[in-house]
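So the sequence shown is numbered by UniProt numbering: it starts at 1 and just counts up by one. Glycine included, every Cβ here is placed at the ideal spot set by N, Cα and C.
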Amino acid sequence: MFIRPDTPKIGDILKTTCSDDEDEGLEDHGVELDDGTGTSDIALRKRIRAKRQDEEGGDGGSLADLGICVGDILPAIREKHPNQKLEILVKSSQAPSVVLSEGKAHVTLNIDAELYIQSSQEKVGTIAAEIVADIEASTNAGKLSGTATIGTLSLKDKEGTLGLPQDALDNLAGLGKDFAEKAINDALSKGISLDMPAGIGGLPVSFSNPDFRIVDHALYVAADLSVDPVGLAPLLASQGLNLTPDQCSTRGG
Numbered sequence: 001m002f003i004r005p006d007t008p009k010i011g012d013i014l015k016t017t018c019s020d021d022e023d024e025g026l027e028d029h030g031v032e033l034d035d036g037t038g039t040s041d042i043a044l045r046k047r048i049r050a051k052r053q054d055e056e057g058g059d060g061g062s063l064a065d066l067g068i069c070v071g072d073i074l075p076a077i078r079e080k081h082p083n084q085k086l087e088i089l090v091k092s093s094q095a096p097s098v099v100l101s102e103g104k105a106h107v108t109l110n111i112d113a114e115l116y117i118q119s120s121q122e123k124v125g126t127i128a129a130e131i132v133a134d135i136e137a138s139t140n141a142g143k144l145s146g147t148a149t150i151g152t153l154s155l156k157d158k159e160g161t162l163g164l165p166q167d168a169l170d171n172l173a174g175l176g177k178d179f180a181e182k183a184i185n186d187a188l189s190k191g192i193s194l195d196m197p198a199g200i201g202g203l204p205v206s207f208s209n210p211d212f213r214i215v216d217h218a219l220y221v222a223a224d225l226s227v228d229p230v231g232l233a234p235l236l237a238s239q240g241l242n243l244t245p246d247q248c249s250t251r252g253g
């Protein structure tokens with residue numbers, strides 16, 4: 001999966017030089033470390049901008065609304081490739097693990113996020129991420145909804161080219177965890193339609209009232225099934241069983 005500058009919500013941060021850097025004359029944008037010895041006050045700046053947004057009525061709908069871009073987070077890339085846009089190729093590094101139990105899906109994902117300069121397609125680094133999350137899901141009125149809790153998000157500079165110590169990556173993971181959890185829960189709260197079009201797969205059937213639940217070591221999926229006798233008759237005839245639509249309806253009943 002590619003994440004590009006035109007990707008909603010996150011695309012606006014995929015640049016090496018932030019507009020605020022020019023407007024405000026900020027010179028140092030490294031990630032603040034746990035012990036307070038980081039090279040900048042990005043965490044404080046983030047809070048100030050978030051507060052300013054609340055006061056001005058901003059909706060805070062994307063990372064860019066906090067005045068953050070990749071150049072803030074990865075100063076080595078900013079210095080080597082100023083005024084550039086980035087693309088991120090996200091791919092799995094291991095097969096995902098899913099354990100179904102007590103109404104939850106316990107999911108473990110291991111992915112690599114490869115960063116490229118958009119104009120030259122030069123690869124500038126890879127962030128390896130491990131994500132462990134619990135997802136609860138249920139159906140209501142034909143929609144799948146639920147909640148997700150990210151228990152673990154760990155990041156590593158896989159090739160050592162990003163210029164960040166592990167402490168800084170740990171802090172970045174904490175910020176990314178909050179955003180990722182919010183994005184997933186926003187999507188789940190709106191609900192995902194489970195409606196299936198009639199005639200799917202060329203079969204004269206339609207499904208309604210879908211029900212989806214997580215049970216121990218399994219998924220429970222149920223739905224009401226309706227068969228169109230007019231469409232079923234020629235399908236049966238092709239198999240050597242000649243019935244009228246009325247006969248199909250009677251037998252189907």
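### Query
Of the residues A218, R213, L236 and D224, which one's Cα is nearest the Cα of T99?
As a position in the sequence shown, residue 99 is number 99, starting the count at 1. Note that residue 99 is Val in the sequence shown here, rather than Thr. Among A218, R213, L236 and D224, the Cα nearest to that of V99 belongs to A218.
#### Entry: Identity of the residue in A129, S226, C18 and E159 nearest V205 by Cα
As a position in the sequence shown, residue 205 is number 205, starting the count at 1. The shortest C-alpha separation from V205 is found at S226.
### Query
Cβ atoms of K15 and L86: under 8 angstroms apart, would you say?
Translated into the one-based positions of the sequence shown, residue 86 becomes position 86. Translated into the one-based positions of the sequence shown, residue 15 becomes position 15. The answer is yes: Cβ separation under 8 angstroms.
#### Entry: C-beta atoms of A137 and F207 nearer than 8 angstroms
Here residue 137 corresponds to residue number 137 of the sequence shown, with the count starting at 1. Here residue 207 corresponds to residue number 207 of the sequence shown, with the count starting at 1. Their beta carbons are not under 8 angstroms apart, which means A137 does not touch F207 by this criterion.
### Query
To the nearest whole angstrom, what separates the beta carbons of K190 and L169, a pair I think is in contact under 8 angstroms?
Here residue 190 refers to the residue found at position 190 when the sequence shown is read from its first residue. Here residue 169 refers to the residue found at position 169 when the sequence shown is read from its first residue. Not really, about 32 angstroms apart at Cβ, beyond 8 angstroms.
### Query
With a Cβ-Cβ cutoff of 8 angstroms, do Q118 and P5 count as a contact?
The sequence position of residue 118 within the sequence shown is 118, counting from 1. The sequence position of residue 5 within the sequence shown is 5, counting from 1. Contact flag set, yes.
### Query
Does the distance from the C-beta atom of K143 to that of I192 stay below 8 angstroms?
Against the sequence shown, residue 143 aligns to sequence position 143. Against the sequence shown, residue 192 aligns to sequence position 192. In this structure, I192 lies closer than 8 angstroms to K143 by Cβ.
#### Entry: CA-to-CA distance, N140 to T147, given in whole angstroms
The count along the sequence shown starts at 1 and reaches residue 147 at position 147. The count along the sequence shown starts at 1 and reaches residue 140 at position 140. In a straight line, the C-alpha of T147 is about 14 angstroms away from that of N140.
### Query
What distance in whole Å lies between the Cβ atoms of A129 and L162, which are believed to be in contact at a cut-off of 8 angstroms?
Residue 162 sits at position 162 when you count from the first residue of the sequence shown. Residue 129 sits at position 129 when you count from the first residue of the sequence shown. With 8 angstroms as the limit, L162 and A129 do not qualify as a contact, their Cβ atoms being about 13 angstroms apart.
### Message
Below 8 angstroms on the Cβ atoms is my contact criterion, and I expect I88 with A113 to pass it. Report the Cβ-Cβ distance as a whole number of Å.
### Response
For the purposes of this step, residue 88 is taken as residue 88 along the sequence shown, with counting starting at 1. For the purposes of this step, residue 113 is taken as residue 113 along the sequence shown, with counting starting at 1. At roughly 5 angstroms, the Cβ-Cβ gap stays under 8 angstroms, so I88 and A113 are in contact.
### Task
Buried or exposed for V230, please, with buried defined as at least 16 other CB atoms from any protein chain shown within 10 angstroms of its CB.
Counting from 1 along the sequence shown, the entry for residue 230 is found at position 230. V230 comes out exposed.
### Query
Just how far apart, CA to CA, sit G160 and E181?
What you label residue 160 is simply residue 160 of the sequence shown in a count that begins at 1. What you label residue 181 is simply residue 181 of the sequence shown in a count that begins at 1. Those two C-alpha atoms are separated by around 27 angstroms.
### Message
Within 10 Å of its beta-carbon, does V215 have 16 or more other beta-carbons around it, so buried, or fewer, so exposed?
### Response
Position 215 of the sequence shown, counting from 1, holds the residue named residue 215. V215 is exposed by the Cβ-count criterion.
### Task
Taking all protein chains shown into account, decide if P75 is buried (16 or more other Cβ within 10 angstroms of its Cβ) or exposed.
Here residue 75 corresponds to residue number 75 of the sequence shown, with the count starting at 1. Buried: at least 16 other Cβ atoms inside 10 Å.
### Query
Can you name the start and end residues of the alpha helix (DSSP H) that R78 belongs to?
Stepping through the sequence shown from its first residue, residue 78 is reached at position 78. Start and end: P75 to K80.
### Query
By Cβ distance below 8 angstroms, which residues in the same chain neighbour G11 in space, the five residues on each side in sequence not counted?
Here residue 11 is taken as the residue at index 11 of the sequence shown, counted from 1. Result list for G11: I3, R4 and P5, in chain order.
### Query
Taking the alpha helix (DSSP H) that K190 falls in, what are its first and last residues?
Translated into the one-based positions of the sequence shown, residue 190 becomes position 190. Note, K190: alpha helix (DSSP H), Q166 to K190.
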